[in-house]
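Trainee:
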Amino acid sequence: MKQTAPRALRPLLALTIATTLIAPSAHAQRFALAPTIGIYAPTQELVSGIVNGGGTIAFKQQVGLAVGGRMGLSFGSHIGLTATGSYVPKSLQATVTQNGVAQNTEDYTNLWFGTGRLNVWLLPPSSILALGVNGGVGVVGRGATVVIDDVGNRYVDQSRTDVGGVVGGTVGLNLGVIGLFVSLDDYIYKPSVFEDLGVKSPTQNDLQFSFGFGTRF
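The sequence shown: position 214 = 213 (numbering that gives the first Met the number 0), numbered continuously.
1) Determine the burial state of T202: buried for a count of at least 16 other Cβ atoms within 10 Å of its Cβ, exposed for fewer.
2) For the beta strand (DSSP E) containing S129, name the first residue and the last one.
3) Checking the sheet assignment: what are the DSSP bridge partners for Q60?
4) By Cβ distance, which residues of its chain are closer than 6 Å to S85, with the 5 residues on each side in sequence left out?
5) May I ask whether a heavy atom of the ligand PLP can be found less than 7 Å away from the beta carbon of T55?
6) Measuring alpha carbon to alpha carbon, tell me which of G175, P41, S47, G140 ends up nearest L236.
7) Can you have a look at A129 and say buried or exposed, based on whether 16 or more other CB atoms are within 10 angstroms of its CB?
8) At which residues does the beta strand (DSSP E) containing G211 begin and terminate?
9) Relative to the C-alpha of G171, which residue among F180, G163, V165 is closest?
10) Hey, how far is the Cα of Y178 from the Cα of R69?
11) Suppose you measure from the CA of L174 to the CA of R29; what does that come to, to the nearest Å?
12) Determine, using beta carbons only, whether N133 and T81 come nearer to each other than 8 Å.
13) Can you find the residues in the same chain that come closer than 6 Å, C-beta to C-beta, to N109, ignoring five residues on each side of it along the sequence?
14) On the CB-based measure, 16 or more other CB atoms within 10 Å of its CB, does L121 come out buried or exposed?
15) Determine the direct distance from the alpha carbon of R153 to that of G137, and round the result to whole angstroms.
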């Protein structure tokens, strides 16, 4: 079911409010801010199925560059909250098969990801080497897409926002004032895209591998 943007952002807003309420009572709180750059890699087709006329259609987001940032607030050595955001400008590939003949096309579309997470540090960020796992709420936005294949078929999908979960892991290196880290995140959600074609999207596992640096990690 399609989510409107204000409703989809409610979980992140709730997490922000919770962070604000908790922060004054935390004696060992530390704030971290870091830009990130990485790779976005979907693991399966966004849509695949039979359309009108008996042919088949498959849409798949392409691997692309992800740029963004993250803000973190830690409470003690092993627990913290993190908000992240990233933007992926990349193409969507469509493969349409009619009468045994496959037609391929690509169109430019945009993706953005936002999360609110709970971090559990197995090795705390204050040590030289940090290791943590995290999980929380993820929001995935997709820009409007119009795909026209080689034989003139036109497929349109409006911009939309979907809510799901996110899990990940982070390895960091504490260099004093500057911290470096690498992260791997799995965005798990069920998109409601191209529904007018009569096909359903499977649950997605979109991976993001990112590298970042900042005052803390």
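We put the beta carbon where it would ideally sit given N, CA and C, even for glycine.
Mentor: Judging by the given coordinates:
1) exposed
2) The displayed chain sequence assigns Ala, not Ser, to residue 129. Residues 128–141.
3) L91
4) A65, G67, F112
5) Among the components of this structure there are no ligands whatsoever, and the ligand PLP is therefore not found.
6) Lying outside 0 to 216, the shown extent of the chain, residue 236 is not represented and no answer is given.
7) buried
8) 203–213
9) F180
10) The identity of residue 178 in the sequence shown is Gly, whereas the question assumes Tyr. Computed Cα separation, rounded: 13 Å.
11) 16 Å
12) yes
13) P88, G142
14) exposed
15) 31 Å
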